Each structure stands twice: as C-alpha cells, then as structure tokens.
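The structure appears right after this line, and notes come after that.
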Amino acid sequence: MVAALDQFAYRFTRLQDTLGGRVFRRLLVEHFGEPYEDSSLRDVVDRLEKLGVIASAERWSQIRAMRNTLAHDYPETAEEKAAAIELAREMAREMASMLDGMRAITNRTVPGPAAH
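Using my numbering, read the sequence shown as starting at 46 and increasing by one per residue.
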C-alpha cells in the first residue's frame, strides 16, 4: 500500500510539474502566439484562465500546494493522509481534464489564408 501511495504521489508531482513547467507556457507561445516565454508561472496561469483554458488560476495554486505537500510534507495522522490523498485524487482528475482540454484546443484546425 505504501508503494502504491508513493507511486501516486510521484506521478501527481510529475504531472503537475510537466503542466506548469512546460505545457502551459508552450501552449501560450506556440498555439496562441503570445509572448510568455520568460513570464512567471503565475502570469502564465492567469493568462490561461482569461483564455478559458483552465477554469481557475486559484485552483491551480491549490494543486501546486498539494504537489508540494505530497513531495515534501506528508500529513502526520492517518486521517490527514487519507484526506490529502483523496483531495489529490480529485486534483489529478482535474489535471487530466485540463490536459484533455488543451489537446482539444491544439487539435482544432486553424484556418489559414484563403487559396486563390
């Protein structure tokens, strides 16, 4: 059981790191053509919220905090651990949904110039 929880925590942190560290910024720069190469993660997340790519920048901050909790400070009591894991499972589903939404955005065909 401990190994499974450790694996979940590892995968949760990797997914959060990948989305926040690379995918979000790349989506803004490469798909939307916006100059966010050197912007802070907070600015990137705020812009994604304004574009409707993610539902809430605040929720992303909560997901980031959970990532830090899982990576560094396991809750003390069994009840706290269970509550943290359950919340993290919900957040993992939210991140998967975000990823699906971003895939849908990038798979949309952008009309090019009309052929003459």
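Every residue gets a Cβ at the ideal spot worked out from N, C-alpha and C, and that includes glycine.
Model, not experiment: these values are computed from the prediction.
Cβ contact annotation for Ser85 (same chain, cutoff 8 Å, sequence separation greater than five): none. In the DSSP assignment, Asp83 falls outside any alpha helix (DSSP H), carrying neither H nor E. Proximity of the segment 51-62 to the segment 107-122 meets the contact definition, three or more beta-carbon pairs being nearer than 8 Å.
Within its own chain, the residues whose Cβ lies closer than 6 Å to the Cβ of Ala137, once the five positions on either side in sequence are excluded, are Phe57, listed in chain order. In the DSSP annotation of this structure, the continuous segment of the alpha helix (DSSP H) that includes Thr63 starts and ends at 47-63. Non-local beta-carbon contacts of Glu79 in its own chain, meaning distances under 6 Å to residues more than five positions away in sequence, involve Leu73 in chain order.
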